[in-house]
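Chemist: Mapped onto mature numbering (1 follows the signal peptide of the UniProt record, and there is no 0), the consecutive letters of the sequence shown carry residue numbers -17 to -1, 1 to 178. All C-beta atoms, glycine included, are put in the ideal place defined by N, C-alpha and C.
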Amino acid sequence: MTRHLLLSLLLSALAASAPTQVADSLPSLIETRDAASCSQASRMSLAWVAEDFHFHSSTTFSTPADQISSGSLAFNLINTVLPFAMSCSAYSNQQDLFFYGNQWFSCMGGDPGNTTTAIFQFDRASGRLDLKQKWMCSDGDSSSTTAFFFGASGTTNVTLTCTTEESKNGIYSTEVVDCALQNVTIQPSEIEAYA
Ligand SMILES: *[C@@H]1O[C@H](CO)[C@@H](O)[C@H](O)[C@H]1NC(C)=O
Ligand SMILES: *[C@@H]1O[C@H](CO)[C@@H](O)[C@H](O)[C@H]1NC(C)=O
Ligand SMILES: *[C@@H]1O[C@H](CO)[C@@H](O)[C@H](O)[C@H]1NC(C)=O
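Written out as structure tokens, the structure reads:
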């Protein structure tokens, strides 16, 4: 247990101080049996794609004091190491930007056993997207399988390209903002591993 804790601290220290060297430094710290294993790939080639990242909002004004608004975010989260994607979405009625980078939302639909979790937050003003994911790799052959647990986080800047449409219907006026779908790559800034 002590060894695993130390390893975890060492990995996170390395990742935090020198993110570009993570891929070179980590494999030598942990014995790996299989070059193509999930846990080795997690250390060496992890990246995420927020696929079809989509922001949409709608605000309806009736009287000046009365408005109904909602904003939504949705994307599929692809972790290059894992064979499945997760579905990430969020709703907010916090005016006026809806997403202020101060609330974590969960992604759903990982592996059947729910060992994979992911959360994200988004700041619409700056475009900052923060992501954290945890997953498990079962490596080895049938005679000896070892479970390695990973936790990683990353941040990127998303540039939204949006259209705004306004319409009027009697006393109601509606403003709809819709942004073009895009695929956003996120590199990990910190990786923790423990067995
Ligand atoms: C996984 O999580 C979903 C959603 O929370 C839940 O419906 C399902 O029962 C969970 N599956 C297992 C195996 O715990
Ligand atoms: C995002 O933008 C901020 C502010 O411009 C910058 O400091 C930061 O390095 C950027 N992050 C990435 C991952 O590009
Ligand atoms: C994102 O990538 C997927 C898979 O390659 C592709 O099907 C989709 O069209 C891409 N979306 C955008 C907005 O480019």
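#1: Ala24 lies in the alpha helix (DSSP H); which residues open and close that run?
#2: Taking only three categories from DSSP, how would you classify Thr40?
#3: So Gln86 packs on Ala101, CB below 8 Å; how close in whole Å?
#4: How big is the Cα-Cα spacing for residue 224 and Ser172?
#5: What is the rounded straight-line gap between the Cα of Ser52 and the Cα of Ser45?
#6: Please classify Gln86: does DSSP put it in a helix, a strand, or coil?
#7: Could you check whether Phe105 and Leu29 sit closer than 7 Å to each other, using their CB atoms as the reference points?
#8: Should Gln23 go down as buried or exposed, given a rule of 16 or more other Cβ atoms within 10 Å for buried?
#9: Taking only the alpha-carbon atoms, compute the straight-line gap between residue 179 and Gln78 and give it to the nearest angstrom.
#10: Between Thr168, Thr98, Tyr74 and Leu164, which lies nearest to Ser40 when the distance is taken from Cα to Cα?
#11: Does the distance from the C-beta atom of Thr42 to that of Gln50 stay below 7 Å?
Modeler: Let's see:
#1: Cys21 to Met27
#2: What sits at residue 40 in the sequence shown is Ser, not Thr. Strand.
#3: Not really, about 15 Å apart at Cβ, beyond 8 Å.
#4: As shown, the chain starts at -17 and ends at 178. That puts residue 224 outside it, with no answer to give.
#5: 11 Å
#6: coil
#7: no
#8: buried
#9: This structure cannot speak to residue 179, because the chain is shown only from -17 to 178.
#10: Tyr74
#11: yes
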